[in-house]
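**Student:** Residue numbers (this note's numbering), protein chains in the order written: chain A, 89 to 206; chain B, 89 to 206. Note that CB positions come from ideal geometry on N, CA and C, so glycine has one too.
Number of protein chains: 2
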Amino acid sequence: MSATELEKVITVVTNEQLQKLKENMPPEEYLYDLAELFKVFGDSTRIRIMFALLDKEVCVNDIAEALNMTLSAVSHQLNILKRSKLVKGRREGKSVYYSLDDEHVREIISCGMEHIEE
Amino acid sequence: MSATELEKVITVVTNEQLQKLKENMPPEEYLYDLAELFKVFGDSTRIRIMFALLDKEVCVNDIAEALNMTLSAVSHQLNILKRSKLVKGRREGKSVYYSLDDEHVREIISCGMEHIEE
DNA sequence: ATAACACTTGAACAACTGTTCAACTTTCAT
DNA sequence: ATGAAAGTTGAACAGTTGTTCAAGTGTTAT
Chain A
89 MSATELEKVI
99 TVVTNEQLQK
109 LKENMPPEEY
119 LYDLAELFKV
129 FGDSTRIRIM
139 FALLDKEVCV
149 NDIAEALNMT
159 LSAVSHQLNI
169 LKRSKLVKGR
179 REGKSVYYSL
189 DDEHVREIIS
199 CGMEHIEE
Chain B
89 MSATELEKVI
99 TVVTNEQLQK
109 LKENMPPEEY
119 LYDLAELFKV
129 FGDSTRIRIM
139 FALLDKEVCV
149 NDIAEALNMT
159 LSAVSHQLNI
169 LKRSKLVKGR
179 REGKSVYYSL
189 DDEHVREIIS
199 CGMEHIEE
């Protein structure tokens, strides 16, 4: 077998691997949703809000005070978290109390913590 | 106890909770790093690259072909992933083969998948 | 030495994102 | 009813980010 023939064989093998790589890829939309979820965790304000809610529900005003932020800024971020089904809110009088809406929040955060603690 | 006195007591209790909330917050820098990590996962291109590397190492060219992207765009994203210690690369001849640099990548991705599969 | 392949890198541009500001709404106390 | 407290919402602005393009670096084959 000549050198150029061998190269052809190698190319074919490589193409087969490439083919497999493409086939094994989850659907585009799935990967997009996954990235979209992590994007929500990818902001320190939202991370801080989720940490504030780890133990118990907290009203918007207290979150804003604890994080030294305006009500408006916190409300905007809570809305993003709510749309991603990560937190939920309930009204009680004048206040709206927010809490984590999913056990996965704790898991995802603790997964990330393991990586940076090294 | 009058209504206004009662309110003062309630305010004090609330302030204590606020104080605890502030004290229990991890240091600012830690939360920033955590958000920074998730930010890396929060892009569908980088997610796709990490999925491509789940099974075995792949060279930049093959990643680019599999994901239908330019070499340059893939290289830029690989660099971001490398800086976050999520992938590593090794040169073999003309090609550079990249692979996952941390078992946490799989864990974090699978954590995220659990949330969106519901 | 030259050319070709496989990347890498920096600048630039468009698109996206988070905060602020101002204008609401809701609820409660007077 | 009026006002105050607690939130929400939309527009706007500045800052960030991903891709492209052009120019570079290594490596191998001729």
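1. Return no unless some Cβ of chain A is closer than 8 Å to the Cβ of R136 of chain B.
2. Please compile the residues from chain B whose C-beta is within a distance smaller than 8 Å of the C-beta of M157 of chain A.
3. Secondary structure at V130 of chain A, three-state DSSP: helix, strand or coil?
4. From this set, B:E206, B:N149, B:S187, which residue's C-alpha is nearest F139 of chain B's C-alpha?
5. What residue range does the alpha helix (DSSP H) around K170 of chain A cover?
6. Using three-state DSSP, classify L155 of chain B as helix, strand or coil.
7. With a threshold of 16 other CB atoms inside 10 Å of the CB of Q165 of chain A, please say whether the residue is buried or exposed.
8. So, does the CB of Y120 of chain A fall closer than 8 Å to a CB anywhere in chain B?
9. DSSP state of G200 of chain B, grouped into three classes?
10. Have a look at the DSSP bridge pairing and note the partners of K176 of chain A.
**Tutor:** Per the coordinate set shown:
1. Yes, R136 of chain B counts as interfacial toward chain A.
2. The premise fails here: M157 of chain A is roughly 13 Å from chain B at the closest Cβ pair, so nothing lies under 8 Å.
3. Residue identity check: residue 130 of chain A is Gly in the sequence provided, not Val. Annotated three-state conformation of G130 of chain A is coil, per DSSP.
4. When the alpha-carbon of F139 of chain B is set against those of B:E206, B:N149, B:S187, the nearest one is in B:S187.
5. DSSP places K170 of chain A in the uninterrupted alpha helix (DSSP H) bounded by 159-171.
6. DSSP places L155 of chain B in helix when its eight states are reduced to three.
7. A buried status is given to Q165 of chain A, since no fewer than 16 other beta-carbon atoms sit within 10 Å of its beta-carbon.
8. At a cut-off of 8 Å, the C-beta of Y120 of chain A has a neighbouring C-beta in chain B.
9. G200 of chain B carries a helical assignment under DSSP once its states are collapsed to helix, strand and coil.
10. Secondary-structure assignment with DSSP links K176 of chain A through a beta bridge to A:S187.
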